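> Encoded as structure tokens, here's the structure I'll be asking about.
Residue numbers (my numbering): 11 to 238.
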């Protein structure tokens, strides 16, 4: 009888030892560590995202970086916005981890956005002042959009300009020829122009020579000075 009891005791102890080492006791999720910046900024529309990399370790399985799946299907480098890249992994015991990296896509002209005081000077007329917001195109890099060009009713967010940068420094601004139905009374007005950009400290200034014409009328050139 004593021999039987001893054998049973050994069986219980052995079973307990194996049960204690079971993967079923592993409830700790793996840890994914992202390298590089988070958020990651793409400074111009159409820029390229380069994965900075990541590592993953688990308390039982060790290094399992190779098991991490990366989902970057949301990212669109051709449109401004904030996107997320997801990194997911599951260890041998079924514990899951999920982290994300924010990716921000910007228009390279973003620094020019804001509200400007505008001075319009036209020979033979009194100076005209108003405030105008300058926004950014979501899909065309260095394209800016005037909130209400010339303070004309109906011109809200319809006139745009292209900005030139050299080595990240803003140099010039060009208004391609474009026709917008605006003003009071409304008329098809054609605008074009070009000018320079200067930034001194926190002050940004555009000086643009703008030509405006209405069908049947002679073109008129005015100087638009934008100051922020």
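Here a beta-carbon is modelled for each residue, glycine too, at the ideal position from N, C-alpha and C.
Please read these numbers as outputs of a predicted model, since none were measured by experiment.
Rounded to a whole number of angstroms, what is the C-alpha to C-alpha distance between residue 83 and residue 114?
In the chain shown, counting from the first residue as 1, residue 83 sits at position 73. In the chain shown, counting from the first residue as 1, residue 114 sits at position 104. Whole-angstrom Cα-Cα distance: 14 Å.
> Below 9 Å between beta carbons: does that hold for residue 141 and residue 162?
As a working mapping, residue 141 is identified with position 131 in the chain shown. As a working mapping, residue 162 is identified with position 152 in the chain shown. No, the Cβ-Cβ distance between residue 141 and residue 162 is not below 9 Å.
> Does residue 151 pass the burial test, meaning 16 or more other C-beta atoms within 10 Å, or should it be called exposed?
Reading the chain shown from its first residue, position 141 is the one you call residue 151. It counts as buried.
> Report the rounded CA-to-CA distance for residue 178 versus residue 121, giving the unit in angstroms.
Translated into positions along the chain shown, residue 178 becomes position 168. Translated into positions along the chain shown, residue 121 becomes position 111. Going by the C-alpha atoms only, they are around 11 Å apart.
> Curious, which full-length beta strand (DSSP E) runs of at least 3 residues does the stretch 42–104 contain?
Those beta strand (DSSP E) runs which fall completely within the stretch 42–104 and span 3+ residues are 50–52, 64–68, 79–81, 91–100.
> Which of helix, strand or coil does DSSP assign to residue 143?
By 1-based counting over the chain shown, the position of residue 143 is 133. Strand, per DSSP.
> Use the C-beta contact count for residue 104: other C-beta atoms within 10 angstroms, 16 or more gives buried, fewer gives exposed.
Locating residue 104 in the chain shown gives position 94, where the first residue counts as 1. It is exposed - the Cβ of residue 104 has fewer than 16 other Cβ atoms within 10 Å.
> What are the boundary residues of the beta strand (DSSP E) that includes residue 156?
Indexing the chain shown from 1 puts residue 156 at position 146. Per DSSP, residue 156 belongs to the beta strand (DSSP E) from 153–156.
> So, is residue 108 buried or exposed, given that buried needs 16 or more other C-beta atoms within 10 angstroms?
For the purposes of this step, residue 108 is taken as the residue at position 98 of the chain shown. By the neighbour-count rule (16 or more Cβ atoms within 10 Å), residue 108 is not buried but exposed.
> In the DSSP assignment, find the beta strand (DSSP E) that holds residue 112 and state where it starts and stops.
Along the chain shown, one-based indexing puts residue 112 at 102. Run containing residue 112: 106–115, per the beta strand (DSSP E) assignment.
> Quick one: is residue 51 buried, meaning 16 or more other Cβ sit within 10 Å of its Cβ, or exposed?
Reading the chain shown from its first residue, position 41 is the one you call residue 51. Burial call: exposed.
> Quick one: what's got a C-beta closer than 6 Å to residue 54's C-beta in the same chain, skipping five residues either side?
What you label residue 54 is simply residue 44 of the chain shown in a count that begins at 1. Contacts found: 118, 151.
> Taking the alpha carbon of residue 41 as the reference point, which residue from 66, 226, 35 has its own alpha carbon closest?
As a first step, residue 41 must be located in the chain shown, where it is residue number 31. When each option's Cα is compared against that of residue 41, the closest is 66.
> If the criterion is Cβ atoms closer than 9 Å, does the pair residue 237 and residue 222 meet it?
Counting from one through the chain shown, the residue named residue 237 turns up at place 227. Counting from one through the chain shown, the residue named residue 222 turns up at place 212. Going by C-beta atoms, residue 237 is not nearer than 9 Å to residue 222.
> Who are the Cβ neighbours of residue 137 in its own chain at under 8 Å, not counting the five residues just before and after it?
Counted from its first residue, the chain shown places residue 137 at position 127. Cβ neighbours of residue 137 beyond the five flanking positions: 129, 130, 131.
> Give the secondary structure of residue 216 by DSSP, where H, G and I count as helix, E and B as strand, and everything else as coil.
Position 206 of the chain shown holds residue 216. Of the three classes helix, strand and coil, the one that applies to residue 216 here is strand, per DSSP.
> Helix, strand or coil for residue 121? Go by DSSP, reduced to three states.
Position 111 of the chain shown, counted from the first residue, corresponds to residue 121. Three-state result, residue 121: helix.
> Just the C-alpha distance for residue 133 and residue 159, rounded to the nearest angstrom, thanks.
As a position in the chain shown, residue 133 is number 123, starting the count at 1. As a position in the chain shown, residue 159 is number 149, starting the count at 1. Going by the C-alpha atoms only, they are around 19 Å apart.
> Can you tell which of 189, 146, 102 has its C-alpha closest to the C-alpha of residue 91?
Residue numbering aside, residue 91 sits at position 81 when the chain shown is read from its first letter. Residue 91 has its Cα closest to that of 146, out of 189, 146, 102.
> So for residue 159, helix, strand or coil by DSSP?
Looking up residue 159 in the chain shown gives position 149. Three-state result, residue 159: helix.
> Output the distance between the C-alpha atoms of residue 187 and residue 171, rounded to the nearest integer angstrom.
Working through the chain shown from its first residue, we reach residue 187 at position 177. Working through the chain shown from its first residue, we reach residue 171 at position 161. The alpha-carbon atoms of residue 187 and residue 171 are separated by roughly 10 Å.
> Count the other CB atoms within 10 Å of the CB of residue 165; is the residue buried (16 or more) or exposed (fewer)?
Sequence index remark: in the chain shown, residue 165 carries index 155 (1-based). Buried, since its Cβ has 16 or more Cβ neighbours within 10 Å.
> How would you label residue 101, buried or exposed, when you count the other beta carbons within 10 angstroms and need 16 or more for buried?
As a working mapping, residue 101 is identified with position 91 in the chain shown. With 16 or more other Cβ atoms within 10 Å, it is buried.
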